[in-house]
DNA sequence: AGTGATCAGATTTTT
DNA sequence: TCTGATCACT
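Residue numbers (the numbering used here): 33 to 797.
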């Protein structure tokens, strides 16, 4: 391994090399957290610690994947492969599968996603005869989820006076019954929801000392990223696992805790010192991402929070531009002004769209920006929204796979029993459900029950049910002898799904067909990658199982497409966590929006909103712009919310003022745009778009046969062509992972730093 | 089973 | 305002 001291600053180095005992790494935004963690793991392996004794937990698959990749580049494929690295959920689902029998589950248990569990809760509410308008599935779900994450089981829930009181006060005294039925039915279905993966791990370790010890001995070193976002259930798992050896390293930033609303406990990081009194603390305070102005402005915001670990974040980078303020009359104008500002910046500085992100508090705000960007022909990509795996047609196909693997998966059964249409309607299903409840069986087993003959289902319909069950059983048998891809392809064909999709020639129908097609491609890819890991020959069934696990626990944020890189990114602030862009626009800085209306209720919620704003500001490398509208439409009404208190909390010296702009006319975009726009805004909206001209973009026209070269081949002194910036000469290269850069002097005398892995360049000579 | 009408509900959401 | 879910009706 290269010399660590060259790669890390002093504190990072100490944090990376201090391996024994408990460590708390407070990592400010942009402080090289992942880098430190990566080198720490590499360092451990270098010192002879076996990779399989290291457990590294992250919150997203993306983070896990990235880190594994980086580590691979330092310590090699073999070592990195044996690391236990992944999300809490994926790691512990793996362990739960291995130990399933002691938990009363079988190893092929299904993971219910949020939609599955909501639908189960909904049908339970129906079966218990409760009023669905009063017992709202969403609400019940989050109530149950909170209980699970606090390790409160149904009986404890019902016995807990405080909880029951709360429920009674909300006029929902029977949530405990729903909870009880929900847990029972999940068990019957051999299914676990996301919270169960953690809860059951806790139960596993609590009730089986030998198993706990086995994993304590295995995971001699534990690292946890984003520790401020762990919930109680996760915290306890770690505490138990680390009890024996005490080698636990947590990394996080209390200032970036933004998931308390769903159970994350900021106390976990604040109280780390209590759990591990002999801990060592490392504060990464130097921000390598942002300008001084941005870091200082962010500090001025976060200092308004009371409960936090003290640290002094600073940047040694350029002073940088002040935070731009875009003041719009209406929400539409806000969209327009931001689009315009992006246009101006791009044409003036020859930037690419991928350098920009628009962040907002709620997804509902995205439409305004979509419209504005589309009007200006600015390519954009909206993050969030409906994930690929949540689409109905995809869930349908997946349900077939799931049911073949686990016959008791009732949610899948219900989903596909009549898709494609088999003439099995609601009445039949209600009757079957009653039979299943009576016999404490899954729907699948209820069909096979001898008592089905005597229940109210007509013989013709019974035949249909039996045919379906036989069809699934046939494929279950096939799963053992067929490759996962062929299996999925055959079942889609033979079940009639494909035919059904083909018949629909509407635009939406075509896209559904294409989605299923790309699902199949995804399965193929997965199988191929499995086969490539030749030292780990797994059988066909476990490949399907692994695939199902994968898609249950993965989001499609994890598969960013190549061509999305050069688009303006639109996302919520939550989604922006962990990301960085040169230029950040934070929209809707108004009271009731950001902070959101609910946050008036409590100080803790308000402080979370403030941390959220802090996260938003610290995403920017070069410049932040904030915007607000004096009036906007929301829920059909015109609102005048007023400027967000957070805007006033930013130290004035970091904000652009009108005079800043007037004195630097050539540099400004906001106010110039603003003023010119203001003259027009009083006219009807449709004239606006015609009057304001889109600035012309004078991009480099790349050669017709432009084909990007492999960046590994780039050397200093080479002449290259960049897709957008044109020809230039490579002045310097910094190949060090993770963020290898090259500095290029382009022919127009502009000197640019480009990220090797992203820059599309062609080597000329 | 499919369509039209009506009505509620609308923070954030790594898993 | 807009979306989706549900329901009644055919």
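No residue lacks a Cβ here, since even glycine has one placed at the ideal position from N, Cα and C.
Let's test the definition: count the other Cβ atoms within 10 Å of the Cβ of residue 144 and tell me whether it reaches 16, buried, or not, exposed.
Sequence index remark: in the first chain, residue 144 carries index 112 (1-based). Buried, by the Cβ-count rule.
Relative to the C-alpha of residue 558, which residue among 543, 574, 135, 190 is closest?
Counting from 1 along the first chain, the entry for residue 558 is found at position 526. Nearest C-alpha to residue 558: 574.
What are the start and end residues of the beta strand (DSSP E) that includes residue 446?
Taking the first residue of the first chain as 1, we reach residue 446 at position 414. Here residue 446 belongs to no beta strand (DSSP E); instead the alpha helix (DSSP H) covers 442–448.
Roughly how many angstroms lie between the CA atoms of residue 729 and residue 405, to the nearest whole one?
In the first chain, residue 729 corresponds to position 697, counting from 1. In the first chain, residue 405 corresponds to position 373, counting from 1. Residue confidence is low: residue 729 scores 28 on pLDDT, short of 50, so the model does not pin down where it sits. Its coordinate-derived value is still stated next. Taking the straight line from one Cα to the other gives about 15 angstroms.
Beta strand (DSSP E) segments (min. 3 residues) lying fully within the stretch 82–138
86–90, 116–119
Using a Cβ distance threshold of 8 angstroms, determine whether the stretch 340–354 contacts the stretch 370–381, with at least three qualifying pairs required.
no
At 4 residues or longer, what runs of the alpha helix (DSSP H) sit wholly inside the stretch 417–489?
424–437, 442–448, 458–471, 475–480
Buried or exposed: which applies to residue 527, given that a residue is buried once 16 or more other Cβ atoms fall within 10 Å of its Cβ?
Stepping through the first chain from its first residue, residue 527 is reached at position 495. Classification of residue 527: buried, given that the 10 Å Cβ count is 16 or more.
Around the C-beta of residue 512, are 16 or more other C-beta atoms found within 10 angstroms, so that it is buried, or is it exposed?
For the purposes of this step, residue 512 is taken as the residue at position 480 of the first chain. Exposed.
Run through DSSP, which three-state label would residue 53 get?
Residue numbering aside, residue 53 sits at position 21 when the first chain is read from its first letter. Residue state, collapsed to three classes: coil.
According to DSSP, simplified to helix, strand and coil, what is residue 763?
Counting from one through the first chain, the residue named residue 763 turns up at place 731. Residue 763: strand per DSSP, three-state reduction.
Could you check if residue 306 is buried or exposed, using at least 16 other CB atoms within 10 Å of its CB as the buried criterion?
On the first chain, position 274 is the one that residue 306 refers to. By the neighbour-count rule (16 or more Cβ atoms within 10 Å), residue 306 is not buried but exposed.
With C-beta atoms as the reference, is residue 358 less than 7 angstroms away from residue 657?
Sequence index remark: in the first chain, residue 358 carries index 326 (1-based). Sequence index remark: in the first chain, residue 657 carries index 625 (1-based). Contact flag set, yes.
Could you check if residue 205 is buried or exposed, using at least 16 other CB atoms within 10 Å of its CB as the buried criterion?
Your numbering for residue 205 matches position 173 in the first chain. Under this definition residue 205 is an exposed residue.
Would you say residue 135 touches the ligand ADP, meaning its beta carbon is less than 6 angstroms from a heavy atom?
As presented, the structure is devoid of all ligands, the ligand ADP included, so that no description of it is given.
Throw me the rounded Cβ distance for the residue 318 and residue 348 pair, which I believe falls under 8 angstroms.
Start at 1 with the first residue of the first chain, and residue 318 comes out as number 286. Start at 1 with the first residue of the first chain, and residue 348 comes out as number 316. Residue 318 to residue 348, Cβ: 7 angstroms. Contact.
Less than 7 angstroms between the beta carbons of residue 515 and residue 572, yes or no?
Translated into positions along the first chain, residue 515 becomes position 483. Translated into positions along the first chain, residue 572 becomes position 540. Yes, these two residues count as a Cβ contact at 7 angstroms.
Does the distance from the CB of residue 363 to the CB of residue 677 come in under 7 angstroms?
Reading the first chain from its first residue, position 331 is the one you call residue 363. Reading the first chain from its first residue, position 645 is the one you call residue 677. No, the Cβ-Cβ distance between residue 363 and residue 677 is not below 7 angstroms.
For residue 134, is the classification buried or exposed, using 16 other Cβ atoms within 10 angstroms of its Cβ as the cut-off for buried?
Locating residue 134 in the first chain gives position 102, counting from the first residue. Exposed, by the Cβ-count rule.
Spatial distance of residue 131 from residue 77 (CA atoms)
Residue mapping note: residue 131 aligns to position 99 of the first chain, counting from 1. Residue mapping note: residue 77 aligns to position 45 of the first chain, counting from 1. Between residue 131 and residue 77, the alpha-carbon positions lie close to 28 angstroms from each other.
Tell me the rounded alpha-carbon separation between residue 218 and residue 661.
Counted from its first residue, the first chain places residue 218 at position 186. Counted from its first residue, the first chain places residue 661 at position 629. Approximately 47 angstroms, taken between the alpha carbons.
With residue 401 as the anchor, note down where its alpha helix (DSSP H) starts and where it stops.
Here the question's residue 401 lines up with position 369 in the first chain. Start and end: 398–407.
Run of the beta strand (DSSP E) containing residue 657, from where it starts to where it stops:
In the first chain, the residue the question calls residue 657 occupies position 625. Note, residue 657: beta strand (DSSP E), 652–666.
Quick one: using the 10 Å Cβ neighbour count with 16 as the cut-off for buried, is residue 533 buried or exposed?
Taking the first chain and counting its residues from 1, one reaches residue 533 at position 501. Buried is the call here.
So is residue 366 buried or exposed if we call it buried at 16+ other beta carbons inside 10 Å?
One-based indexing of the first chain puts residue 366 at position 334. Residue 366 comes out buried.
Is DSSP giving residue 754 helix, strand or coil here?
Within the first chain, residue 754 is the residue found at index 722, counting from 1. Note: residue 754 maps to strand in three-state DSSP.
Alpha helix (DSSP H) runs wholly inside the stretch 292–345, at least 4 long, in chain order:
299–302, 304–307, 324–334
Mind checking residue 708: buried by the 16 CB within 10 Å criterion, or exposed?
The residue given as residue 708 occupies position 676 in the first chain. The predicted model places residue 708 with a pLDDT of 33, which falls under 50 and marks its position as unreliable; any figure quoted below should be read in that light. By the 10 Å Cβ count, residue 708 comes out exposed.
Assign residue 261 to buried or exposed, taking buried as 16 or more other Cβ atoms, counted over all protein chains shown, within 10 Å of its Cβ.
Here residue 261 is taken as the residue at index 229 of the first chain, counted from 1. Per the 10 Å Cβ criterion, buried.
Do residue 254 and residue 115 have their C-beta atoms within less than 7 angstroms of each other?
Here residue 254 corresponds to residue number 222 of the first chain, with the count starting at 1. Here residue 115 corresponds to residue number 83 of the first chain, with the count starting at 1. Cβ atoms of residue 254 and residue 115: not closer than 7 angstroms.
Three-state secondary structure assigned by DSSP to residue 379
If you number the first chain from 1, residue 379 lands on position 347. Here residue 379 sits in helix by DSSP.
Under 8 angstroms: do the stretch 383–396 and the stretch 598–613 share three or more Cβ pairs, one atom per stretch?
The way I'd put it, the stretch 383–396 does touch the stretch 598–613; three or more beta-carbon pairs between them come closer than 8 angstroms.
With contact counted as at least three CB pairs below 8 angstroms, one residue from each stretch, are the stretch 224–238 and the stretch 446–455 in contact?
no
Given that a residue counts as buried once 16 or more other Cβ atoms are within 10 Å of its Cβ, and exposed if not, what is residue 711?
Reading the first chain from its first residue, position 679 is the one you call residue 711. For residue 711, the predicted structure reports a pLDDT of 30, less than 50, and the residue's modelled location is therefore unreliable. A value from the coordinates is still provided. Under this definition residue 711 is an exposed residue.
Please report how far the alpha carbon of residue 70 lies from the alpha carbon of residue 435, in whole angstroms.
Residue mapping note: residue 70 aligns to position 38 of the first chain, counting from 1. Residue mapping note: residue 435 aligns to position 403 of the first chain, counting from 1. Roughly 39 angstroms separates the two Cα atoms.
Option in 429, 432, 399 with minimal Cα separation from residue 416
Mapped onto the first chain, residue 416 falls at position 384. Checked all of 429, 432, 399; the closest Cα to residue 416 is 399.
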